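According to the numbering used here, the sequence shown is numbered sequentially starting from 88. Think of the CB as a built atom: it goes at the ideal place given N, C-alpha and C, for glycine as much as any other residue. Nothing here was measured: the structure is a model prediction, and the numbers come from that model. Have a look at the structure below, then the notes.
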Amino acid sequence: MTSGVVYGVDFSGASRAGENIWVTEAVAEHGALTVRDCGRADDFLADYYDSDPSTDRGPTLAALAAFVRAHPDAAFGFDFPFSVPGRVAAEAFGADSWRAVVAAVADCEDADAFAEACVEGVGGDADDTYLKRDTDREHGAFSPSHFFVQHQTYHGITGVLAAVADVARVVPFDALGDGGPVVAETYPAGVLDALGLHREGYKGTDDDHRTRRRQNLDGLAEAASVTVPDRLRETYLDDHEGDALDSLLAAVAVFRNRGDWGHDPESLAGRIYV
88 MTSGVVYGVD
98 FSGASRAGEN
108 IWVTEAVAEH
118 GALTVRDCGR
128 ADDFLADYYD
138 SDPSTDRGPT
148 LAALAAFVRA
158 HPDAAFGFDF
168 PFSVPGRVAA
178 EAFGADSWRA
188 VVAAVADCED
198 ADAFAEACVE
208 GVGGDADDTY
218 LKRDTDREHG
228 AFSPSHFFVQ
238 HQTYHGITGV
248 LAAVADVARV
258 VPFDALGDGG
268 PVVAETYPAG
278 VLDALGLHRE
288 GYKGTDDDHR
298 TRRRQNLDGL
308 AEAASVTVPD
318 RLRETYLDDH
328 EGDALDSLLA
338 AVAVFRNRGD
348 WGHDPESLAG
358 RIYV
């Protein structure tokens with residue numbers, strides 16, 4: 088993809104996910120990325136809820152999946168783990184393909200059951216707790232079953248990926264030839280690392296936190312040719328949780344990897360794109 092619309096999604100598996108999920112829309116063209124919109128899920132996705140917009144997790148994730156399905160020519164970056172380590176996939180879930188992993192995770196009753204299966208399915212010893220994928224180690228990410236992110240992993244896979252896998256091209260597992268929206272796993276902290284920006288210290292209410300958010304925005308313009316209109320710049324600066332900025336970083340990851348997704352249909356663990 089050398090040009091086109093990209094979306095970055097800062098994901099949440101919390102019960103009030105609509106309060107924490109942010110979406111950035113941007114257009115990639117002529118080697119640059121121009122941001123067009125950014126908003127919280129319950130506002131950005133308002134037209135895609137089955138009824139009135141809600142901050143509840145179920146309706147919000149359904150709206151998010153509907154949004155992906157409605158944009159077949161776009162590329163999406165989501166910041167939750169798309170899979171589990173290969174050993175966990177094979178031994179805990181008996182999976183021999185990524186889609187079999189998705190089905191097995193969806194069979195878990197909830198996020199706690201998912202995390203428990205990941206540990207107990209490979210023996211449950213101390214050394215087996217919170218196994219990481221190679222791509223997690225490469226980018227300093229948590230294990231997909233770590234208690235910090237188990238809800239993101241479980242609800243991202245079951246609430247979004249399972250709902251779009253029949254139409255989306257989920258990379259690197261799927262080839263792009265059949266069309267459909269491209270869906271990629273991203274990691275905002277890894278994007279900041281790759282661009283030499285502030286991986287830490289930009290989330291918070293202090294002046295120093297806001298300064299680092301501003302420096303990260305300025306750095307994206309210089310290091311990745313990202314243009315943010317003034318009207319949206321304040322949105323990224325004012326969100327002290329950093330979720331709005333993380334959605335932009337997810338879009339930047341898609342922009343940086345467009346046309347170079349790779350294709351690994353035999354992979355069980357997947358890849359983080361930064």
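query: Within 10 angstroms of its Cβ, does S138 collect 16 or more other Cβ (buried), or is it exposed?; result: exposed
query: Just to confirm, is the Cβ distance from L335 to G95 under 7 Å?; result: yes
query: Quick check for students: name the residue ranges of the alpha helix (DSSP H) that lie wholly in the region 118-175, counting only runs of 4 or more.; result: 128-131, 144-156
query: Could you have a look at A250 and say whether DSSP puts it in helix, strand or coil?; result: helix
query: If you run the structure through DSSP and keep just helix, strand and coil, what is A356?; result: coil
query: R358: which of A204, A271, H158 sits nearest, CA to CA?; result: A271
query: Whole alpha helix (DSSP H) runs in the region 264-306 with 4 or more residues, listed along the chain?; result: 275-281
query: Say whether the region 243-250 touches the region 184-197, bearing in mind that this needs 3 or more beta-carbon pairs closer than 8 Å, one atom from each stretch.; result: yes
query: Count the CB pairs spanning the region 315-329 and the region 283-298 that are closer than 8 Å, and state whether there are at least three.; result: yes
query: Just curious, the beta strand (DSSP E) that G243 is in, first and last residue?; result: G243 -> not in any beta strand (DSSP E); alpha helix (DSSP H) instead, spanning 237-243.
query: Short check: CB of V122 to CB of V315, under 7 Å?; result: yes
query: Roughly how many whole angstroms lie between the Cα atoms of F180 and V206?; result: 11 Å
query: Between D97, L151, V257, C125, which has its C-alpha nearest S184's C-alpha?; result: V257
query: Return the first residue and the last residue of the alpha helix (DSSP H) that V206 is part of.; result: 198-207
query: Beta carbon of A198, beta carbon of Q237: below 7 Å?; result: yes
query: Would you decide whether P268 is buried or exposed? Buried here means 16 or more other CB atoms lie within 10 Å of its CB.; result: buried
query: Count the other CB atoms, across all protein chains shown, that sit within 10 Å of the CB of P168; report buried if there are 16 or more and exposed otherwise.; result: buried
query: For P259, which residues from the same chain have a beta carbon less than 7 Å from its beta carbon, with the 5 sequence-adjacent residues on both sides left out?; result: W348, G349, H350, D351, S354, G357, R358
query: Using 10 angstroms around the beta-carbon of G208, count the other beta-carbons present and answer buried if the total reaches 16, otherwise exposed.; result: buried
query: Pull the bridge partners of A115 from the DSSP assignment, please.; result: G91, L120
query: Could you pull the DSSP bridge partners for D64 from this structure?; result: Since the first residue shown for the chain is 88 and the last is 361, residue 64 is missing from the structure and cannot be characterised.
query: Roughly how many angstroms separate the alpha carbons of A176 and A250, rounded to a whole number?; result: 20 Å
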